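Structure first, then comments.
Chains as they are written, first to last, in the numbering used here: chain A, 30 to 357; chain B, 30 to 357; chain C, 30 to 357; chain D, 30 to 357.
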């Protein structure tokens, strides 16, 4: 429920209404604006009807939030959210942001080469996984905390904020600027709630069979616990089509931009699973309104311990950055 | 099998090889180039091995066509195919082509208004269905041959080639410049074979559960009967996601361009089913390499007898054409 | 709309109402019962409201048909439809019917052996395709009309009604007892309408991406043209799962039985694409209420020209028939 | 790799080979049989080739495990695994097991009524969720540890082992006989590894977009950590079909039984999402070889706090148990 107060309402009146909302067991929100104060009440909307706020003398209007998600909806929060990535970069602002790097951190040398290559080509952030959730227990699972240190070091050396998969939340938060929740964990609500208590940006990847509503509701779990810095990531969904590893659902980009104020990232590497489709799909993502892309780049994809077939060669990444110029 | 003859081979030798191929029950192809003559043999590749052409004195190389489709593959035919749309327009050339108009022909006045609106905004061709395949037998099925006449008349009046759904092949061929095979008929092989004997362009829409290989094999049915003028159309596939009517699989565009020489059209209207997603997805289609788009535009979408919720208002179409400028 | 007349209403009154319905451009139905006469009106339900039949002196009740399909719905026709398969067999009655035979008719000998094997094991009908719709134009397309003759001859010799894929409708109707519309043609409405004028049973297979509502609406096209003998066939849908050729959606069986009076057939051969899964899924089909199954059996699957990997060996088919005993 | 030792091999020799395997960084397995000792080596199969065990004097045969999963494959372990559910019941043995109860524990009274109803009708175990993973943070999330106590108490009172959703692993292990991993957590590998250290049975539900191979690999994570008591559960996958909440993929049952020794459970409640489809699909599950079913039953479904529309009324559950008689 969105409650707009009349201009000039005394802050004490706003406070009194918020207390009434809280006493009903709902979550109160205080959103002061330049012209009017807006209050919110999240929870069972039938309950709040009992307050009859629409006839309260200081209330101008009471509007239900129609979407099942509330805090992440544009109805409640019409302006675009801008998420800090480290100290000097933001995601969701005017610039189109390119996050690039290897799928997994493999060695100090690989990350140094990778970071240099993507920085020189113009990337804004460095990615690399240290805790890799793998379908098979016999596949390479990442270097763990040692990998986080290598990643953080490469980021510092090349002046890039770093993005990594959430494994152990505490360890990851210590080392990374953005914590990425993989598709397999999009509905791991305990993890989402823990990330709601982090101060870092969270990149929430769409589950392989998640609807866009389910993605937005998953984001609501994080924001509801107090962390507003959520970036939603389209990375392809499972369909019957075998030509690509997943089916990149780019309609998700304008759909989410319309329904939510959160910024949107596209991952054409996982979204297609084929190196040769990354560039055209990255351009398409930019053209339909994404705020940035995340791309796998490896100094030598043929030797990559994971996702080699979808990782760009450094010179392909440079070509991609040139192609993106008109869009960014 | 692709058989490249040595430079300067006597045409009689080529003819003799083609006859050998034909005697084996395979389909012979003659493809003279500026430097070399290339022959093709389509059918069971084990059979042709019995000819031992690789040791023939005038043969330079013999290469199997690895794709399951042959005539439509880039292996056989490396250059882009350009398809004529009427007498003055081509699809698949340098220009990005926009085909626009109402889902169904409803009346002379509606088509005249629709044609004027799309022509003024810069469309290259006019669409409108007279035979509408509808899920329910109780839904509006189109005006039939009368609708074809109205469409053709609107096209002539505004100088636009016309595109329409195949219903009765003979009637449609008389009136239209391009014949569109809907998603439901993509694997109606009798229809595809009949269209292989037409002289007009055929727009083949991807079936709702068709893989890209199945789409290319369906095109092979048409080209194999003698009509090379096939345009492939991505129009969204069925997935679990309910936010959009279909899931527009734009990866199909660069994938097909890589595997085939046929031009690719994208239909963001059916691909999303939502008017508000048409513009961003049209831009994305252009950005990832499509040769054109087909968009539903109606003089008054609220009154449309079909697909109103995905049809653009004329002023939205004008805005779209402006947005497409950098891509076209 | 279902219009129940009061007991003892004069037939002339019924006739007068039917004429009113027809004058409105709707389709009138006359369904005399043992106690009451029921009338139907199919088409735009807003139009019929203008007749105010609920206040007509001989009308007991007027009920809208809520389903989008009408003639095939249980609302209109509560009793199970029983479809004749040749002169001596029915589908949809008390007996569980097993239709078996090779995917394609290949030779007189193969069909004779196949027919003998399935007859001896207890099958009720013989299947075999003469016009095979194949994804690739280079795959075996069937023997055509010669195949139909071989099939019909094998059926006569072993006392089995025969089922075959619709290719050329006229030819197929001459030779077969049931005409099967393949998944690729489920929404080929011209074909469905043509089959509505046949006198033979039609087996309508669910399209690979068709919803159950779309399947029922496709059946409505056939019944609406005058042929009530339609059998609906669940044969698996396309999903992301590669372990099976299709995903057999057995929930379709009780769902359709609840919504429609038409009998339901299950095809576990195409539904799984794996010989080793046919028997358990055939038992499951029987257990959840199917009226019968259609199974591919080949005298020598290793030599089959199509679908060998999903065809049962004759002794596997005998074992299946024994396993089905408790269900049939 | 499966290494079969010759009959009469000295245990010391077996031990020596196991040590060699371990030194290579692979996981050694010791599987003494009545006639022969079998050893296993899990990990990179190229590494183990370096041991040349096939020419070792006490080795009879060395066979690679072709499946990507090893411990859960039938190749390694041909006999069916039987999983204890509490002290007096087993899952995967001769009896067909029915687990029944409400979706969520709501109150002491509801669970007592629910437990009595399912026990009287013949259920073998009681289910009820105390930690409910819900798509929306505003939906009822379960009673937490208090709910676990209520559930355990109802189980004891009616002599039924209890099954519940994993939330807090330690708390759940204290109270329940079987821990259920929901579809959303099937690839939450940290959770799977933690469950590998439990002593209780684990019910692993298939993810909504998980292939059967991915499900088996997820089970491998649990078994690999030391808990062999895993039950695999088919509960429907996401498809385009809206008639049912999910598409119950019963082919999964015989497929898994063929590939793995683990027992298989079917959940027709989530698998269909419709109360009226539960009984036929439960019968189909039994007919195709499932070891049991899990069914939602509520004393008053209209009042249920979750999943009411798919919960059976107690009398429907009694009818189901009667229908299942021939299969169990």
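We treat Cβ as the ideally placed atom computed from N, Cα and C, and that holds for glycine. The model shown is predicted, which means the values in this text are computed figures rather than measured ones.
May I ask you to report which of helix, strand or coil DSSP gives residue i?
i, result
"residue 301/C", "helix"
"residue 325/B", "strand"
"residue 89/D", "strand"
"residue 234/C", "strand"
"residue 312/D", "helix"
"residue 47/B", "helix"
"residue 167/A", "coil"
"residue 84/C", "helix"
"residue 214/B", "helix"
"residue 226/B", "coil"
"residue 254/D", "coil"
"residue 349/B", "helix"
"residue 333/C", "coil"
"residue 53/B", "coil"
"residue 176/C", "helix"
"residue 97/C", "coil"
"residue 319/A", "coil"
"residue 283/B", "helix"
"residue 107/D", "coil"
"residue 271/C", "coil"
"residue 162/C", "coil"
Residue i and residue j look like a contact to me (Cβ under 8 angstroms); what is the Cβ gap, rounded to whole Å?
i, j, result
"residue 254/A", "residue 99/A", "Actually they do not touch by this definition, with Cβ atoms about 14 angstroms apart."
"residue 240/B", "residue 272/A", "7 angstroms"
"residue 251/D", "residue 291/D", "Between residue 291/D and residue 251/D the Cβ distance is about 10 angstroms, and since that is not below 8 angstroms, they are no contact."
"residue 298/B", "residue 345/B", "With a Cβ gap of about 11 angstroms, residue 298/B and residue 345/B do not count as contacting."
"residue 82/B", "residue 91/B", "5 angstroms"
"residue 233/D", "residue 259/D", "6 angstroms"
"residue 310/C", "residue 280/D", "6 angstroms"
"residue 150/B", "residue 130/B", "Between residue 130/B and residue 150/B the Cβ distance is about 11 angstroms, and since that is not below 8 angstroms, they are no contact."
"residue 43/D", "residue 66/D", "5 angstroms"
"residue 69/B", "residue 31/B", "6 angstroms"
"residue 289/A", "residue 119/A", "Wrong, their Cβ atoms sit about 17 angstroms apart, outside the cutoff."
Have a look at the DSSP bridge pairing and note the partners of residue i.
i, result
"residue 59/D", "68/D"
"residue 191/D", "155/D"
"residue 263/B", "295/B"
"residue 33/A", "67/A and 90/A"
"residue 209/C", "194/C and 232/C"
"residue 102/A", "289/A"
"residue 341/A", "326/A"
"residue 240/D", "Bridge partners of residue 240/D: none, in fact."
"residue 276/C", "266/C"
> Whole beta strand (DSSP E) runs in the region 109–160 of chain D with 3 or more residues, listed along the chain?
Replying inline: 112–114, 118–120, 126–130 and 154–156, all fully within the region 109–160 of chain D.
> Touching or not, the region 89–97 of chain C and the region 258–272 of chain C, by the rule of three or more beta carbon pairs under 8 angstroms?
Replying inline: Counting Cβ pairs under 8 angstroms, fewer than three are found: no touch.
> Looking at C-beta atoms only, is the number of pairs between the region 32–47 of chain B and the region 314–333 of chain A that lie closer than 8 angstroms three or more?
Replying inline: no
> Counting pairs of beta carbons, one from the region 150–166 of chain B and one from the region 177–184 of chain B, are three or more of them closer than 8 angstroms?
Replying inline: Between the region 150–166 of chain B and the region 177–184 of chain B there are three or more C-beta pairs closer than 8 angstroms, enough to call the two in contact.
> Three or more C-beta pairs closer than 8 angstroms, one from the region 131–139 of chain B and one from the region 107–114 of chain B: is that the case here?
Replying inline: no
>> Within 8 angstroms, do at least three Cβ pairs link the region 112–129 of chain C to the region 186–196 of chain C?
In response: yes
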